[in-house]
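Report on one structure; see the data block that follows.
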Amino acid sequence: MLTVLLCLSLPSFAQPSQKELQNIQKAISNAQTDLKQKQAAQRRAQAALNASLNALEKARAELATITRQQNAAWNQLQKLQNELEKVKTEVTGTKAQITRLLAGHYKNRQPNSISLFLKNAEPGQKARYLEYIKHINQANEKVINNLVKQQKELEQQEKAIDAELNRLKKLKAAQQAALKKLGKTRSAAQQQSNELNAQISSQTQKIAKLREDERRLNNILADISRRNAASRKAQAQSRKQAAQERIKKSNQSQKQTKQKNNTAAPHGNLTAEDRALSGPDQSQGSSFSRMQGRLRKPVGGSVTGRFGQARASGGTWRGVFFATPPSGVSSVASGTVAYAGTLGGYGNTVVVDHGGGYVSIYTGLNSIGVSGGSNVGSGSYIGTSGTLPAGEQGLYFEIRYRNQPMNPLSWIR
1 MLTVLLCLSL
11 PSFAQPSQKE
21 LQNIQKAISN
31 AQTDLKQKQA
41 AQRRAQAALN
51 ASLNALEKAR
61 AELATITRQQ
71 NAAWNQLQKL
81 QNELEKVKTE
91 VTGTKAQITR
101 LLAGHYKNRQ
111 PNSISLFLKN
121 AEPGQKARYL
131 EYIKHINQAN
141 EKVINNLVKQ
151 QKELEQQEKA
161 IDAELNRLKK
171 LKAAQQAALK
181 KLGKTRSAAQ
191 QQSNELNAQI
201 SSQTQKIAKL
211 REDERRLNNI
221 LADISRRNAA
231 SRKAQAQSRK
241 QAAQERIKKS
251 NQSQKQTKQK
261 NNTAAPHGNL
271 TAEDRALSGP
281 DQSQGSSFSR
291 MQGRLRKPVG
301 GSVTGRFGQA
311 RASGGTWRGV
321 FFATPPSGVS
331 SVASGTVAYA
341 GTLGGYGNTV
351 VVDHGGGYVS
361 IYTGLNSIGV
371 SGGSNVGSGS
381 YIGTSGTLPA
391 GEQGLYFEIR
401 YRNQPMNPLS
411 WIR
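This is the structure we're talking about:
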């Protein structure tokens with residue numbers, strides 16, 4: 001979570017191991033890969049959505065064609081129904097005609113009536129009567145044939161209407177199925193695209209927030225480094241001036257006493273502090289570096305977040321996380337409180353400067369028990385553990401050398 005702030009060189013004993021660096025690089029690579037995969041999945045989802053929209057447009061065109069066919073089918077159905085009514089009327093008339101014919105035959109109960117009629121007729125009229133009877137029989141036969149034909153036409157029309165009705169039913173079912181399928185496809189594609197967009201947006205916001213948190217912490221640690229550098233420079237200058245003054249006084253004293261070996265006197269009269277003050281004082285930082293592997297844990301509990309591992313909430317651990325209910329937190333070594341207050345993304349935070357470029361960082365505190373500028377000793381109470389803004393309950397702890405994150409587990413016994 002806390003990333004490299006200022007790239008400064010580390011002595012060999014303070015360098016993170018190659019494996020730890022590889023873990024960090026791997027975690028960063030995994031996070032980048034995950035983001036790329038989400039973006040690729042989002043592009044695929046968008047492509048699927050576009051394809052479903054194109055399919056929807058195509059289906060709409062097909063449905064428009066089906067609708068036109070449906071309208072044509074209904075028109076054909078109306079035409080068939082009109083023809084059916086016409087056929088039914090003709091069949092009814094034919095049936096009435098045949099009914100009258102049968103009724104006439106029924107009333108004429110004498111089977112030889114026509115023969116008797118022709119026998120008593122005039123010779124000249126017989127031929128004419130026979131022709132009449134022939135035409136009547138032909139007409140009757142035609143009526144019967146028309147009835148048979150009309151009945152067949154009626155049956156065919158009824159079958160055609162049934163077939164058209166079935167076709168319309170299938171068209172309607174196909175229309176409804178197409179609409180339902182397209183609706184589901186478009187809805188699923190839209191939902192997937194929305195979910196991926198939300199994930200990408202959330203991850204982008206999380207990365208932006210982490211960078212802002214990182215920037216704020218960078219500013220704090222950079223300010224500590226500047227103050228330490230200025231303090232070391234001022235102390236070195238002061239010690240140098242004091243040493244020069246003592247050397248001057250020693251030389252004057254030697255000239256007055258004219259003792260033997262006066263050339264060695266300045267060095268012999270200088271204290272160890274005088275001789276060491278020609279450069280910056282690194283004693284405190286060197287003292288801290290010698291504590292590697294012997295520091296006490298800042299709080300009880302179990303380590304659930306290790307240096308270089310990926311965090312569930314995003315990013316990687318640049319320190320260690322101790323999962324614990326609210327407990328007292330103590331400084332791992334003596335030093336000066338360089339910062340004590342709320343830090344965005346980390347909650348209540350205490351930064352202890354141990355000198356020589358070494359700092360320890362304690363975040364997610366429920367309460368702070370020290371103030372900026374105060375001195376603390378090893379094991380001194382600095383606050384109470386609480387919950388990180390991301391929701392993890394416990395303490396997040398870092399050790400840095402010149403703003404370079406180091407693995408705290410290599411320092412804690």
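Counting along the sequence shown from 1, when you hit position 190 you're at 190 in full-length UniProt numbering, and nothing is skipped either side.
Glycine residues also receive a C-beta, built at the ideal position from the N, C-alpha and C atoms.
Rounded to the nearest whole angstrom, the CA to CA distance from residue 390 to residue 345 is 8 Å.
Between residue 397 and residue 358, the gap from beta carbon to beta carbon reaches 8 Å or more. The C-beta distance from residue 334 to residue 378 rounds to 5 Å, short enough to fall under 8 Å.
When Cβ pairs closer than 8 Å are counted between the two stretches, the segment 177-195 is seen to touch the segment 42-57, the count reaching three or more.
Just so you know, the alpha carbons of residue 412 and residue 248 end up roughly 47 Å apart. A distance below 7 Å between beta-carbons, with the five flanking residues on each side excluded, links residue 353 to the following residues of its chain, in chain order: 224, 228, 335, 336, 338, 359.
Under a 10 Å Cβ-count criterion, residue 405 is classified as buried, with 16 or more other Cβ atoms of the shown protein chains found around its own Cβ.
Exposure of residue 381 is indicated by the presence of fewer than 16 other C-beta atoms within 10 angstroms of its C-beta. When the alpha-carbon of residue 372 is set against those of 220, 85, 84, 44, the nearest one is in 220. Sequence-distant partners of residue 369 (beyond 5 residues in either direction) whose C-beta falls short of 6 Å from its own C-beta, in its chain, are 381, 382, 383. Annotation for residue 366: the continuous beta strand (DSSP E) segment containing it runs 358-368. For residue 174 and residue 163, the gap between their C-alpha atoms comes out near 16 Å. Counted as a single uninterrupted DSSP element, the beta strand (DSSP E) harbouring residue 348 occupies residues 347-355. Just measuring C-alpha positions, the residue of 90, 178, 159 sitting nearest residue 56 is 178.
Here DSSP, grouped into helix, strand and coil, assigns residue 87 to helix.
Judged by DSSP in its simplified three-state form, residue 299 adopts coil rather than helix or strand.
Secondary structure note for residue 406: its beta strand (DSSP E) is the uninterrupted segment 404-406. Contact between residue 201 and residue 46 does not hold, since the beta-carbon distance rounds to 14 Å and is not under 8 Å. Straight-line spacing of the CA atoms in residue 172 and residue 158 works out to 21 Å. Residue 338 sits in a strand when the DSSP states are folded into three classes. Contact annotation, residue 41 with residue 295: C-beta distance approximately 45 Å; criterion of less than 8 Å not satisfied. In the three-state reduction of the DSSP assignment, residue 385 falls in the strand class. Per DSSP, reduced to three states, the secondary structure at residue 188 is helical. According to DSSP, residue pairing for residue 320 in a beta bridge involves 397. From the listed residues 257, 331, 250, the smallest Cα separation to residue 288 is found for 331. Per DSSP, the continuous beta strand (DSSP E) segment holding residue 329 begins and ends at 328-330. Burial state of residue 74 is exposed, judged by a 10 Å Cβ sphere holding fewer than 16 other Cβ atoms. Assignment of residue 373 by DSSP, reduced to helix, strand and coil, places it in the coil class.
Residue pairing by DSSP leaves residue 61 without any beta bridge partner. Nearest to residue 100 by C-alpha distance, out of 135, 140, 88, is 140. A direct Cα-to-Cα measurement between residue 375 and residue 306 gives close to 29 Å. Ranked by how close their Cα comes to the Cα of residue 303, the residues 292, 317, 145, 291 have 317 in first place. Residue 39 and residue 167 have their alpha carbons spaced roughly 47 Å apart. Between residue 364 and residue 327 the beta-carbon gap is near 12 Å, outside 8 Å, which marks them as no contact.
Nearest Cα to residue 393 within the set 256, 33, 226, 347: 347.
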